[in-house]
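A.B. asks:
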Amino acid sequence: MRILQLHSNFIVYKPVEKEINIAEESKKEETRLEEIVVLFTAIEEGDSDALSKKAIDDVRAFLGKLKVNRILIYPFAHLSSNLSQPSLALSIIKDMEGYAKANGIETFRAPFGWNKQFTISIKGHPLAEQARSYASNQVTTASQASLPIESNKEAPVSAALKAEDTLKSYWHILQTDGLLVPIEGYKFKGKSNLQKFSQYEIKKTRAVTQMPPHVPLMKRLEIADYEPGSDPGNIRWYPKGRMMKALLEQYVSMRIAQYGGMEVETPIMYDFNHPSLSSYLNRFPARQYVLKSEDKELFLRFAACFGQFLMAHDAQFSYKQMPVKLYELTRYSFRREKSGEVVGLKRLRAFTMPDCHAFCTDLEQAKKEFIIRFDLCIDVLENIGLIKDDYEIAMRFTKDFYTENKDFIKNLAQKFGKPILAEVWNERFFYFALKWDINFVDNQNKAAALSTDQIDVENAKRYDITYVDEKGEKQYPLILHCSPSGALERDIYALLEKAYRDQMTGKPPMLPLWLSPTQVRLIPISDKFLNKVEEFAQQITNHCIRVDIDDSSATLQKKIREAEQEWVPYIIVVGEKEIESGMLSVRVREEKKQEPMTIQQFIIKISEKISGKPFKPLPLPMYVSKRPQFHG
RNA sequence: GCCUCGAUGGCUCAGCCUGGUAGAGCGGCUGCCUCGUAAGCAGCAGGCCGCGGGAUCAAAGCCCGCUCGAGGCUCCA
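Numbered by the numbering used here, the letters in the first sequence go through residues 2 to 633 in order.
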C-alpha cells in the first residue's frame, strides 16, 4: 500500500468517466472540500485488511499534529506499478473508510474506478506532505524522507551561520565577583529581567500576541512611520522624530569626540569583488542589499567596518599614536533582514549606528581601552535616558580567554554591578575574543541589543592593517569595535517601550526632557493674552528651550488634554492672574502636579535639567494652529 | 522562505457569517462660543471597500489568484 498524504487548503475533484467495469456508481459532479488531509492511496499486490488499520492509525497520529480531523481517501493508482486486483483494492479502501469513521474522523472518499480530474492546494508547512508505503508481511513505514517531493534544498548558508548551529555554547551567569555560575543552578530571585533576557537568548522563545507598543506610539507622537513606498524597515521620520534623532546623533558624536574618536565619513556602498572585502563578506551572502551599476556589483554596508578598515589599511601609524580611534556615524547601515523580522524601530533594514574602532598594540592596551569604553557606553545610555535597571548585559568569550583574563572580566562585572549572562565557548570561532552587548528587554519580553564592544583578533590581518612597533617592524593591531549607544533608532524604540511600561504602572509616560520636541507649552486663556504669551515665549526661547503656543480656538480643557497627550513636560496656562502677579502655575508632567514659580525660576530650572545636552530649535511652527498634521 | 491573520474616508474601526442605498468616532473645514487646568455646540466635505479574475439578475460581502501589512516560525555576525 502506498499513501501520499497532503494537508490541503482545498481540493476540488470531478469524476469524468468510468475506467473499469467494477467502478462504483457516482455522479459526474464537482466536489469541493476545504481544510482537509487528502490521502492519495494505491493498494498493492498482497495488501490485506490489517494494513488499512495500520495506515489509518498513522494518519490519525498526524491529524493530531496538524489539528485537522477531516480526511479524503482518494483512490490513486499511479502511485504503484504493482497494483492489486481492483475488487480487493476496493474492499480494502472501504475498510479504511469504515475504520476511520469508527475512529471519529470525518471521512470523505472519492469514487473508485473513475478517471477523475482534480485541483489541489497544498499547505506549505513541513508536515504538509508525507508519503508512506506499507508491505503486508512486516508493516513498515518509510515516511517523509523517502519521498522525492521532500525538499532537501540546501540554502546557501554561510559557514558562520552553520557553525552557530553546531557550536556548543555553555551558558553561565557571571556574578559581580567575577565567578561563573552555570545557569541551571542560578537563582534569579529579584532578577526577573535578567531571567527574561536569559530565556530569550537561550531558549529563543518568542511567544507574542500583540503589536509592540512602541509602534502605535511612534506614529501617534508623529516621530516616525513606515514608508510603504520604500522597502520594509526603511523608515520615514516626521519633524519631531527627525529632531529627536538629530539630537541623539549630535550627543553621541560629541561624547565620542571627547573620548578621542576621530570622526570620518566613508562610502555607503562597496565593490562586491574587492579582494579584502570578499572573504569577509562571503560569510554572509544573504544579508546585503545588492545593486548593480554598469558592470559592477555593489553592496550597501552593514556597518562602518569596511570604510574604516580600508582607510586604516592605507594609513600609517606607530605604537606611539596608539590606540588610534576612528569614528563614523553611519547613516545608514543596511542589513537586509528577512521580511518577517523587521519590526517598528526595533529592527530595521536601514539604521543609524555610531561605530567607533580603536586600533590597539596588544591585549594589555586593548583591555585598558575596553574598560574606558565600557564606562563610556553605560554613561552615554544613562544620559540618553536608559539606566542599568532598564537593560541586561550578555558577554561572550572562550573558556581559555576567561582563564587567562579572569581579573579583567571580574573588573567588568564589578563595574556593572549586576550579574551578567555569559556564553562560554570551548573554541573561538568568531573573529572576536570577547564581546559584550547591552540588551533592552521590552514589553513583550523580547530583547534588543543596544551598545556593544568587541575585541577583534582577526580582521587586521584580513584587511592588512599594520602599525610599526618599537623595533620598526610591522605588526597587526587588535581592533575594538564599539557602538556606545547602539542604533539610534533602537534607542528611541527603547525609550518608547520604557515610557509605555511607565504608563502601565501608573507613571506618566514621557520622553527625556532634552529630547522632547516641545519642552514647554504656553496656553493663553483667551486671544486677549496672546501678545503677552508671545513675550513669555520669546524670553524662554532665548534660553534655548523649545516652547510653543497653543493659539487654536479649542477650549482650555481641550488644549490641556492635547498637550498631555503629546507628552509635553511643562504646560503653562496664562491668563490675567499670571500676567498681573508674575507667578506662573506650571503643570509638571513628571510630578503630576502644578507648581507656582516666576518665569526666571522656571527658566533656571529647565536650563539646569538640560545642561550639557545639545540643543535644536522647535522642529515645527511655534503656533500650534500653523502645524500640518502628519498622522491622523 | 513558510504559517496564521488582516487590508473599508487622513486616523481607529463597524458592516462580511445570512449578497440588494457604505456607517460611526476622532481628525479636517465653516459658524457659534473667548473659556481657569484632560474631550463645548452645530453644520459641511471627504470612500474605485488593496488589485485582478470567477460564479450570480446583483458583490465591500461568496470563490480563485496576486500585492502589501502585522504577528509567529526560522534566523539574527
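Idealized CB from N, CA, C, for every residue including glycine.
Can you say whether R3 is buried or exposed, counting buried as having 16 or more other CB atoms within 10 angstroms of its CB?
C.D. replies: The residue is buried, with at least 16 neighbouring Cβ atoms inside 10 Å.
A.B. asks: What separation, rounded to the nearest whole angstrom, lies between the Cα atoms of L5 and R336?
C.D. replies: Roughly 41 Å between the two C-alpha positions.
A.B. asks: Beta-carbon separation of V442 and E393 under 9 Å?
C.D. replies: The answer is yes: Cβ separation under 9 Å.
A.B. asks: Using beta-carbon positions only, say whether Y75 and L52 come within less than 9 Å of one another.
C.D. replies: It is not a contact, given that the beta carbons lie outside the stated cut-off.
A.B. asks: Excluding the five sequence neighbours on either side, which residues of its own chain have a C-beta within less than 7 Å of the C-beta of E25, listed in chain order?
C.D. replies: Excluding residues within five positions, the ones whose Cβ falls inside 7 Å are P112, F113 and G114.
A.B. asks: In the DSSP output, what is E393 paired with across the bridge?
C.D. replies: According to DSSP, E393 bridges with N440.
A.B. asks: Return the residue from the list E609, Q520, Y187 and I524 that minimises the CA-CA distance to L422.
C.D. replies: Selected option, being the one with the closest Cα: Y187.
A.B. asks: Between the C-alpha atoms of Q251 and V38, what's the straight-line distance to the nearest angstrom?
C.D. replies: One C-alpha to the other measures close to 60 Å.
A.B. asks: With a cut-off of 8 Å on the beta carbons, I'd call R429 and P509 a contact; round off their distance for me.
C.D. replies: Not really, about 48 Å apart at Cβ, beyond 8 Å.
A.B. asks: Output the boundary residues of the alpha helix (DSSP H) element that contains R522.
C.D. replies: Per DSSP, R522 belongs to no alpha helix (DSSP H); it is in the beta strand (DSSP E), V521 to P525.
A.B. asks: Quick check: what's the CA-CA separation for G418 versus P615?
C.D. replies: Distance between the alpha carbons of G418 and P615 is about 29 Å.
A.B. asks: Are there three or more Cβ pairs, one per stretch, closer than 8 Å when the region 358-375 is compared with the region 387-401?
C.D. replies: The region 358-375, when compared against the region 387-401, does not touch it at the 8 Å Cβ threshold.
A.B. asks: Relative to the C-alpha of I572, which residue among K578, S582 and D549 is closest?
C.D. replies: Looking at the Cα atoms, D549 is the closest of the given residues.
A.B. asks: Going by CA-CA distance only, name the one from N460, L531, I607 and E592 that's closest to Q520.
C.D. replies: That would be I607, whose Cα lies nearest to the Cα of Q520.
A.B. asks: Please return the same chain residues whose Cβ sits closer than 8 Å to the Cβ of I236, not counting the five positions on each side in sequence.
C.D. replies: Once the five neighbours on either side are set aside, the close Cβ partners of I236 are A225, D226, Y227, E228, L346, L349, A351 and E490.
A.B. asks: Taking all protein chains shown into account, do 16 or more other C-beta atoms lie within 10 angstroms of the C-beta of M511, making it buried, or fewer, making it exposed?
C.D. replies: Buried.
A.B. asks: Could you check the C-alpha separation between P213 and L222 for me, to the nearest Å?
C.D. replies: The alpha-carbon atoms of P213 and L222 are separated by roughly 15 Å.
A.B. asks: So does the region 531-549 actually touch the region 484-501, counting three or more Cβ pairs closer than 8 Å?
C.D. replies: No: the two stretches stay apart, fewer than three of their Cβ pairs being nearer than 8 Å.
A.B. asks: Using the rule of at least 16 other Cβ atoms within 10 Å of the residue's Cβ for burial, across every protein chain shown, is R110 buried or exposed?
C.D. replies: That one is buried.
A.B. asks: Can you find the residues in the same chain that come closer than 6 Å, C-beta to C-beta, to Q415, ignoring five residues on each side of it along the sequence?
C.D. replies: For Q415, where only same-chain residues beyond five positions count, the Cβ hits under 6 Å are T177.
A.B. asks: So if DSSP puts V265 in a beta bridge, which residue, or which two residues, is it bridged to?
C.D. replies: According to DSSP, V265 bridges with nothing at all.
A.B. asks: Rounding to the nearest angstrom, what Cα-Cα distance links N365 and D408 in this structure?
C.D. replies: Sequence inspection shows Glu at residue 365; the Asn mentioned does not correspond to that position. Using only the alpha carbons, I get a separation of about 12 Å.
A.B. asks: Going by alpha carbons, who is nearest to A488 out of D438, L327 and T267?
C.D. replies: The candidate whose alpha carbon is nearest that of A488 is D438.
A.B. asks: Which partner residues does K475 have in the DSSP bridge list?
C.D. replies: According to DSSP, K475 bridges with V469.
A.B. asks: When the distance is taken between beta carbons, is L327 closer than 9 Å to M263?
C.D. replies: It is a contact, given that the beta carbons lie within the stated cut-off.
A.B. asks: When DSSP builds the beta bridges, which residues end up paired with H585?
C.D. replies: Note that residue 585 is Leu in the sequence shown, not His. Note: L585 sits in a beta bridge opposite M598.
A.B. asks: With a cut-off of 8 Å on the beta carbons, I'd call D356 and E338 a contact; round off their distance for me.
C.D. replies: With 8 Å as the limit, D356 and E338 do not qualify as a contact, their Cβ atoms being about 18 Å apart.
A.B. asks: For E342 and F300, what's the separation of their Cα atoms in angstroms?
C.D. replies: Spanning the two alpha carbons is a distance of roughly 21 Å.
A.B. asks: Go through its chain and collect everything with a Cβ distance to N104's Cβ below 8 Å, but skip five positions before and after it.
C.D. replies: So the qualifying residues of the chain are I57 and R61.
A.B. asks: Counting only the same chain and skipping the five closest in sequence on each side, list residues whose C-beta sits under 6 Å from that of V325.
C.D. replies: Around V325: F318 and F360.
A.B. asks: Can you check whether the CB of L181 is closer than 9 Å to the CB of L516?
C.D. replies: In this structure, L181 does not lie closer than 9 Å to L516 by Cβ.
A.B. asks: Taking the continuous alpha helix (DSSP H) assigned at D296, which residues delimit it?
C.D. replies: Careful: D296 lies outside any alpha helix (DSSP H) and carries neither H nor E.
A.B. asks: Assign T108 to one of three DSSP states: helix, strand, or coil.
C.D. replies: Three-state DSSP puts T108 in a strand.
A.B. asks: Among N70, E98, I106 and D48, which one has its Cα closest to the Cα of P87?
C.D. replies: Of the candidates N70, E98, I106 and D48, the one whose C-alpha sits nearest the C-alpha of P87 is D48.
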